[in-house]
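Protein chains in written order, with the working numbering: chain A, 1 to 277; chain B, 1 to 157. No residue lacks a Cβ here, since even glycine has one placed at the ideal position from N, Cα and C. Being a predicted model, the structure only gives us computed values, none of them experimental. Below is one structure; the comments refer to it alone.
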Amino acid sequence: MLSADIEYYRPATIKAATELFFSLKGENKRPVYYSGGTEILTLGRLDLIQPGALIDIKAIKECLVFEFDRNNLLTGAALPLTYIEDANLFPLLSATSMGIADHTARNKITLGGNLCGQIFYREAVLPFLLCDSVVTIAGQNGVESLPIGQIFNQTFQLAEGQFIIQIMTERRYVDLPFVSIKKRQQWETGYPLLTVAAIKVENQLRFAFSGLCPFPFRSKEMEDELNKAGLSLPERVKRAIGHIPGPVLHDVEGSSEYRLFVLENTLNEIIIELEGR
Amino acid sequence: MAASPPQKINVSLDVNGETRNVAIRPADTLLFILREYLGLTGAKPGCLNGDCGACSVMVDHTVYKSCIMLAVEAVGSKVTTIEGLKDSPIQHAFIENFAFQCGYCTPGFIMNCHALLKNHPQPTYEVIKEWLSSNICRCTCYEEIQEAVMSVIEKRE
Ligand SMILES: Cc1cc2nc3c(=O)[nH]c(=O)nc-3n(C[C@H](O)[C@H](O)[C@H](O)COP(=O)(O)OP(=O)(O)OC[C@H]3O[C@@H](n4cnc5c(N)ncnc54)[C@H](O)[C@@H]3O)c2cc1C
Ligand code: FES
Ligand code: FES
């Protein structure tokens, strides 16, 4: 359980949330933004984190939008994953989200929590990496929007006191052909052995991965190899595997050799499916 | 903005249709308050990690695992625990279909099935499977639990 004297706040505006963060920090109260709270509660129970004050962002209306403006889909960071799935405005995001945890847990786990959590799979980031989405964040200097490629490198590179308000995805991306495949060690729920999401944009395939390395990623080098239509499929996959940007996980979910074997087959499967569409 | 002082705070929780005034710490999970302060021991502690579903309760129309929710988050909502269900079709169906052995997972499964049937009166097999995958039964009554859910749906048709 969390520390006995933790404080809880539920600000209604972005400004109130960031001001609160810095005033609590000034009092050495170790504030954290609290969204679904599932990771804060589970890691806090094991004493792996020791927050002193929780700033619940679920009353901030900008964090709860899920709608199209003219050219973009706006997805609020405090939305529970099942809300996103039920509304299904972005089918690739729904499909990837449905593989995370289990249905009841996803009633509580939020998009922003999954994107910014310490548990390193962060599977919900894959669709946004593929669609070059833009992330709107709030912090000490107000609100700014940055391309995901600039602010996400293994994790979101947020400065102290910054939090994600929402993510903007161009409308033209949300209905593109896609595949989202999650392979687990066993059963229907649980962490991934490997998750791959892919879309087809103007005849080029894009790929993003979770569960392969100790961080989720999209690799332009791998995509270049996988899109070399002049080469045989096995050759494309073999070359792409040479560009994996980090150590391949070797853990209780599966050995690195097994992960690479599953990766090879999954890439073959995805390319055959998407190139046929 | 609602700020809470570090020590206990007095809140009103609407649980099973009753208003319960209770002094809680902001760090207390809903599961802890239900069991230790409100005497409602139907929701069970299992993994305390969001994995097993033994602690499932409904908050408004949604089913949650009460070990990964703070009690303070339930203020202003209607909490329903297994003690709040009386003669519901799924309770009868669990008995008729022998959908339990030791019974430890049963309150959590029933709350999840109840929420499923409220939100999806005629769920597809895929929807049933997706929802029921949230709970674990160490006695492996999965088949009987699925039959219990199906029997409620069939009686509605
Ligand atoms: C039962 C279970 C199964 C799981 N299975 C999977 C899985 O299969 N795949 C997977 O990817 N993950 C899985 N997870 C991990 C889960 O997605 C993360 O732990 C996630 O952080 C939980 O989201 P939350 O909204 O509850 O986060 P919280 O606990 O609210 O926050 C987690 C962290 O993110 C920060 N944060 C939250 N929102 C924001 C924001 N808007 N801006 C900046 N920082 C923010 C918080 O300060 C905190 O540090 C699982 C978790 C559980 C409980
Ligand atoms: S005790 Fe809550 S999910 Fe296991
Ligand atoms: S009946 Fe024993 S755990 Fe389910």
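Given residue i as reference, the closest of the options once Cα atoms are compared
i	options	result
I68 of chain B	B:H92, B:G103, B:D51 and B:C137	B:D51
D132 of chain A	A:F207, A:F120 and A:G142	A:F207
E273 of chain A	A:L130, A:R70 and A:L233	A:L233
I110 of chain B	B:Y125, B:T124, B:E126 and B:E144	B:E144
G117 of chain A	A:T155, A:L2 and A:K182	A:T155
I151 of chain A	A:Q166, A:Q140 and A:V135	A:V135
N135 of chain B	B:A43, B:R25 and B:T19	B:A43
A284 of chain A	A:Q186, A:I84, A:G276 and A:L79	Absent from the model: residue 284 of chain A. The displayed extent of chain A is 1 to 277, so no value can be given.
L2 of chain A	B:T29, B:D87 and B:L117	B:T29
L89 of chain A	A:D102, A:I100, A:T75 and A:M98	A:T75
V59 of chain B	B:L31, B:A23 and B:K86	B:L31
R236 of chain A	A:L212, A:G211, A:E27 and A:I270	A:I270
R315 of chain A	A:R10, A:L130 and A:L249	There is simply no residue 315 of chain A to check, as chain A begins at 1 and stops at 277 in what is shown.
L267 of chain A	A:E225, A:N72 and A:Q166	A:E225
Beta-carbon separation (whole angstroms), residue i vs residue j, contact threshold 8 Å
i	j	result
F27 of chain B	A4 of chain A	At residue 27 of chain B the sequence reads Ala, which differs from the Phe that was named. Correct: roughly 6 Å between the Cβ atoms.
I164 of chain A	L92 of chain A	19 Å between Cβ atoms; not a contact.
G36 of chain A	G113 of chain A	5 Å
Y33 of chain A	I57 of chain A	6 Å
F120 of chain A	F215 of chain A	6 Å
T38 of chain A	A77 of chain A	Not really, about 15 Å apart at Cβ, beyond 8 Å.
L176 of chain A	V196 of chain A	L176 of chain A to V196 of chain A, Cβ: 16 Å. No contact.
E83 of chain B	N16 of chain B	6 Å
L115 of chain A	I137 of chain A	That belief does not hold up - the Cβ atoms of L115 of chain A and I137 of chain A are roughly 11 Å apart, past 8 Å.
S133 of chain B	T18 of chain A	In fact, because the Cβ distance is near 38 Å, the residues do not count as touching under 8 Å.
C102 of chain B	A54 of chain B	So it is not a contact: roughly 11 Å between Cβ atoms.
L194 of chain A	V262 of chain A	5 Å
Residue i classed as buried or exposed, judged by whether at least 16 other C-beta atoms fall within 10 angstroms
i	result
S56 of chain B	buried
G142 of chain A	exposed
G39 of chain B	exposed
N265 of chain A	exposed
D251 of chain A	exposed
R70 of chain A	exposed
I33 of chain B	buried
S180 of chain A	buried
L126 of chain A	buried
K65 of chain B	buried
N153 of chain A	exposed
S145 of chain A	exposed
V149 of chain B	buried
W187 of chain A	exposed
L117 of chain B	buried
T19 of chain B	exposed
G347 of chain A	No statement about residue 347 of chain A is possible, as the shown extent of chain A runs from 1 to 277 and does not include it.
N203 of chain A	exposed
R156 of chain B	exposed
A87 of chain A	exposed
Closer than 7 Å: residue i CB and nearest ligand 3 heavy atom
i	result
Y104 of chain B	yes
Q101 of chain B	yes
C137 of chain B	yes
C141 of chain B	yes
Any non-hydrogen atom of ligand 2 closer than 7 Å to residue i Cβ
i	result
K65 of chain B	yes
A148 of chain B	no
D28 of chain B	no
D302 of chain A	No information on residue 302 of chain A is available, as it lies outside the stretch 1 to 277 that chain A covers here.
N107 of chain A	no
N227 of chain A	no
A71 of chain B	no
G44 of chain A	no
L2 of chain A	no
N10 of chain B	no
C55 of chain B	yes
Interface residues of chain C facing residue i [CB-CB closer than 7 Å]
i	result
A27 of chain B	No chain C is part of this structure, whose protein chains are labelled A and B.
Proximity test, residue i beta-carbon vs ligand 1 heavy atom, cut-off 7 Å
i	result
K118 of chain B	no
G190 of chain A	yes
T155 of chain A	no
I145 of chain B	no
A39 of chain A	Per the sequence shown, the amino acid found at residue 39 of chain A is Glu instead of Ala. Yes, since a heavy atom of ligand 1 falls inside the 7 Å radius drawn around the Cβ of E39 of chain A.
Y83 of chain A	no
F163 of chain A	yes
Practice problem: Please specify which runs of the alpha helix (DSSP H), each continuous and at least 4 residues long, are wholly inside the segment 166–198 of chain A, giving them in chain order. | Solution: Runs of alpha helix (DSSP H) with 4 or more residues, each lying fully within the segment 166–198 of chain A, are found at 171–174, listed in chain order.
Self-check item: Completely contained beta strand (DSSP E) runs for the segment 16–94 of chain B, where each covers 3 or more residues
Solution: 18–24, 56–59, 62–65 and 78–80
Quiz item: Which runs of the alpha helix (DSSP H) spanning at least 4 residues fall entirely within the segment 122–160 of chain A, listed in chain order?
Solution: 125–130 and 148–151
Practice problem: Counting only runs of 4+ residues fully inside the segment 91–130 of chain B, write out the alpha helix (DSSP H) ranges in chain order. | Solution: 106–119
Quiz item: In chain order, which continuous runs of the beta strand (DSSP E) of length 3 or greater are located wholly inside the segment 45–78 of chain A?
Solution: 53–56, 66–68 and 72–76
Quiz item: Which ranges does the alpha helix (DSSP H) cover as unbroken runs of at least 4 residues, wholly within the segment 15–48 of chain A, from first to last along the chain?
Solution: 38–45
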